[in-house]
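Numbering (our numbering), first residue to last: 635 to 1197.
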């Protein structure tokens, strides 16, 4: 060591660089071995080309990422400060961190479906926090043991490569391994270009498997997650989103949740055809004397008939056709029947508009009584409103003129002041005519007499209304995941992703942005300042979160069937 330290700068530098090449080579082998977690978590390719692509891209991609760690971090440090002990220690720490990040990324990929990224940092942090809360001792024990094990492994490799450097320089097989990795790199990229041009799904579906790799189009990823028919992969640019597997059976109510005491309060759903304004919400809050929840990040992104489905079934629109074929009854209405509560549907419009009527048809049968009016003259009396039987009463104002809607709200809120048992009132709008309005926030108000008045800043949607009413009104604590994708708005404690489908794509909402992904893989967002759609960069983790939200109900049904 003394003789070595007395060498010239250039000789010492060349010796360190030669050592670092071999140290990096061993870490490439280690990274390829650890990355097998990604490979085994996915279904294997079915064709020879798919299998050949898997092997070549696996080896070359992990080799490239590890080598770039050397080029971008270790090599510059070696040039600046070529001291043996410092470089060897630094290299061991750097590659220990790389392998630990690789293991963390593999865990996140298996849990969430995407790799480490900034746009989904909230979901990633929440996943790790949940693990710590669930079993903190085991989490920290495993983390510390893995860190010490990998660090010891790196120190052993470092020492071995340093002591046997001259022998390693005489080894011939390493050259062939490096040549094979370089050839694999080029072959895998050329094969991917061919697959992209010919829509070879067996190759393209592997785009998301390895870290720092995402698909060239959203269509491939949607097909991988069962949102497109794989057999119609080429023709699907004009076909609607649909599950490749059968829609699960909607649950039937068991003997649970029969109220032991009579339900005394009713629920009034007052739904407008036009999105409510902040001014209207403020006006209703001033005239209301009960506790209320202001839903300031409420969304409704579907067209009229789909929006009614979202509201009544608390599920994304992709389930609609399948549940209609099953003739499924929403759990809320099953509970109404079980508790012998009334239900009424009243549509109000100035002129008979067959288009509006047809758009909401198909769901009126859920109510025991249906009425169509051209004005509210018979409804604006307190005695009339307060004499309605206990149950669910929906009033739909299917007209762009908001005068009757506001007048009715005034009458309903005034009638509540004279009523001893205060009712639950849900005030919102339903449906959209354009994608621009679909991507916008819809102010809504939920009056819950027994709750505390507050503003709900978390993202909410029509899918949350049924679970909220079942738990807060009917006192039924059925697990909402068994029948819906929604949550009780009173129990929201963290931000989440909400998604829905339309015939030509999928909409995904986070608290900060709303994105539409069409079937050509284009990502489109909505600018509130410009009040118009804008093009945005592809955010595949956000899309995967959206797909996972949409498939919640089907996954839960599969779990229950497998028990």
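Even glycine gets a Cβ: it sits at the ideal position worked out from N, Cα and C. From a predicted model like this one, the values you see are computed outputs, not experimental measurements.
Sorted by chain position, which residues of the same chain lie with C-beta nearer than 8 Å to residue 919's C-beta, five sequence neighbours on each side aside? 926, 928, 1079.
Provide the residue(s) that pair with residue 1152 in DSSP beta bridges, ordered along the chain. Beta bridge pairing from DSSP links residue 1152 with 1139.
Inter-residue spacing [alpha-carbon to alpha-carbon] between residue 644 and residue 798: 20 Å
Leaving out five residues before and five after residue 1010 in sequence, what residues of the same chain have Cβ atoms less than 7 Å from its Cβ? Here the set comprises 982, 1038, 1041, 1042.
Backbone secondary structure at residue 1025 - three-state DSSP: strand
Taking DSSP's pairing of strands, which residues face residue 1005 in a bridge? Residue pairing by DSSP puts residue 1005 in a beta bridge opposite 980.
Which residues does DSSP pair with residue 1090 in a beta bridge? 929
Spatial neighbours of residue 718 within its chain, please: C-beta separation below 7 Å, excluding the five flanking residues on both sides. So the list reads 650, once near-sequence residues are dropped.
Below 8 Å, can you find three or more Cβ-Cβ pairs linking the segment 814 to 828 to the segment 687 to 703? yes
Mind checking which residues open and close the alpha helix (DSSP H) that includes residue 668? 643 to 668
Considering just the uninterrupted stretch of the beta strand (DSSP E) at residue 906, what are its terminal residues? Segment 901 to 906, the beta strand (DSSP E) holding residue 906.
Residue 820 bridges to which residues according to DSSP? Residue 820 pairs with nothing; no bridge assigned.
Only counting the same chain, and skipping five residues up and downstream in sequence, which positions put a Cβ closer than 6 Å to that of residue 1095? 933, 1132
Report yes if the C-beta distance between residue 701 and residue 673 is below 8 Å; otherwise report no. no
Which residues in the same chain as residue 1075 place their Cβ atom closer than 7 Å to its Cβ, once the five residues preceding and following it in sequence are excluded? Cβ contact annotation for residue 1075 (same chain, cutoff 7 Å, sequence separation greater than five): 931, 932, 933, in chain order.
Which of helix, strand or coil DSSP assigns to residue 720: The answer is helix: DSSP assigns residue 720 an H, G or I state.
So for residue 944, helix, strand or coil by DSSP? helix
Cβ of residue 1031 within 8 Å of Cβ of residue 906? yes
If you follow the beta strand (DSSP E) that residue 1058 is part of, which residue opens it and which one closes it? 1058 to 1063
With DSSP collapsed to three states, give me the class of residue 884. coil
Bridge partner(s) assigned by DSSP for residue 1133: 1142
What span of residues does the beta strand (DSSP E) with residue 792 cover, start to end? Counting along the chain, residue 792 falls outside any beta strand (DSSP E), though it belongs to the alpha helix (DSSP H) covering 770 to 797.
Expected contact under 8 Å - CB spacing of residue 1159 and residue 1145 to nearest Å: 14 Å between Cβ atoms; not a contact.
Return the CA-CA distance between residue 882 and residue 1189, expressed in angstroms with no decimal places. 9 Å
Between the Cα of residue 1052 and the Cα atoms of 1137, 922, 1073, 688, which residue gives the shortest distance? 922
Distance, residue 736 Cα to residue 665 Cα: 8 Å
Tell me the residue span of the beta strand (DSSP E) that contains residue 1081. 1078 to 1081
Buried versus exposed call for residue 653 [16 or more other C-beta atoms within 10 Å across all chains shown]: buried
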